[in-house]
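The next block holds one structure in the form of structure tokens; read it before the comments.
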Amino acid sequence: KEILIVQPYMKHPLQNRWTLWFYKNDKNKPWQANLRLVTKFDTVEDFWALYNHIQLASRLMSGCDYAVFKDGIEPMWEDNRNKCGGRWLITLSKQQRMLELDQYWLETLLCLIGEAFDDYSNDICGAVINVRAKGDKIAIWTCDTENEEAVLHIGKTYKERLGLPMKVVIGYQAHADTATKSGLGVKNKFVV
Amino acid sequence: DKKKYDREFLLGFQFIFASM
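If you read the sequences in order, they're chains A and B. Going letter by letter, the first sequence gives residues 1 to 192 in the working numbering. Going letter by letter, the second sequence gives residues 1 to 20 in the working numbering.
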């Protein structure tokens with residue numbers, strides 16, 4: 001008799017469980033009502049099953065966001081883990097939507113789920129992509145603007161992972177400043 | 001021990017079930 005040995009497939013666990021959020025801009029509702037928790041994942045395989053299933057960011061309607069945050073952290077300034085923090089912000093031109101937006105967003109996700117920031121990965125809260133007619137934005141959110149060592153390490157590593165040229169400068173803004181910004185724009189607490 | 005995965009390792013799994 002032939003014995004068939006079936007090897008169970010073991011999924012690869014991630015260091016953290018992550019939540020995917022989706023935001024669709026419906027001006028008739030308060031913004032909180034437009035924010036939806038889509039699903040959670042904590043293995044490499046489940047990440048890909050989700051990523052391959054959902055719409056590419058470049059194909060979302062203007063006014064939509066994706067956000068991927070550690071389980072238990074909501075993608076808003078007010079969350080306890082965000083309110084003292086800030087974000088490394090990547091602003092893209094309209095032309096970059098078709099060329100680089102999806103590639104940058106995937107690389108951002110791979111940095112998150114792969115724990116690409118060494119000991120400072122604990123400072124990571126999540127990442128947001130805003131699809132907007134006036135120019136798309138991608139940002140990595142960290143929990144503490146005062147933890148300069150962590151913020152700078154995350155910024156340098158992130159810039160490298162995106163393959164941004166040295167001459168391109170990215171800025172880190174505290175959420176508290178972004179929340180109270182006047183029309184003039186938000187000052188950068190750090191740049192790399 | 002921290003579960004760290006580099007991008008090449010992660011990318012290797014994108015279509016793993018399709019190839020099974």
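Every residue gets a Cβ at the ideal spot worked out from N, C-alpha and C, and that includes glycine. These numbers come from a predicted model, not from an experiment.
Closer than 8 Å to the CB of A/V68 there is not a single CB belonging to chain B. Listed along chain B are K3, each with a C-beta nearer than 8 Å to that of A/P13. Its chain contains L14, F47 as the residues whose beta carbon lies nearer than 6 Å to that of A/I113, once the 5 sequence neighbours on both sides are disregarded; these appear in chain order.
The segment 59 to 67 of chain A makes contact with the segment 129 to 147 of chain A: 3 or more CB pairs, one atom from each, lie closer than 8 Å. Chain B places a beta carbon closer than 8 Å to that of A/G114, counting this residue as a contact. Annotation: A/D26 to A/L60 spans about 14 Å, alpha carbon to alpha carbon. Neighbours of A/L4 across chain B, judged by C-beta separation under 7 Å, do not exist; the nearest C-beta is about 16 Å away.
A direct Cα-to-Cα measurement between A/R17 and A/G72 gives close to 9 Å.
A direct Cα-Cα distance of roughly 8 Å separates A/R87 from A/G171. Pairing B/L10 with A/V44 gives a Cβ-Cβ distance under 8 Å. By the 16-neighbour rule on beta-carbons within 10 angstroms, A/E160 is exposed. Taking C-beta atoms as the reference points, A/G135 and A/L92 count as a pair closer than 8 Å.
Chain-ordered listing is empty here: chain B has no CB closer than 7 Å to the CB of A/W31, the nearest sitting near 32 Å.
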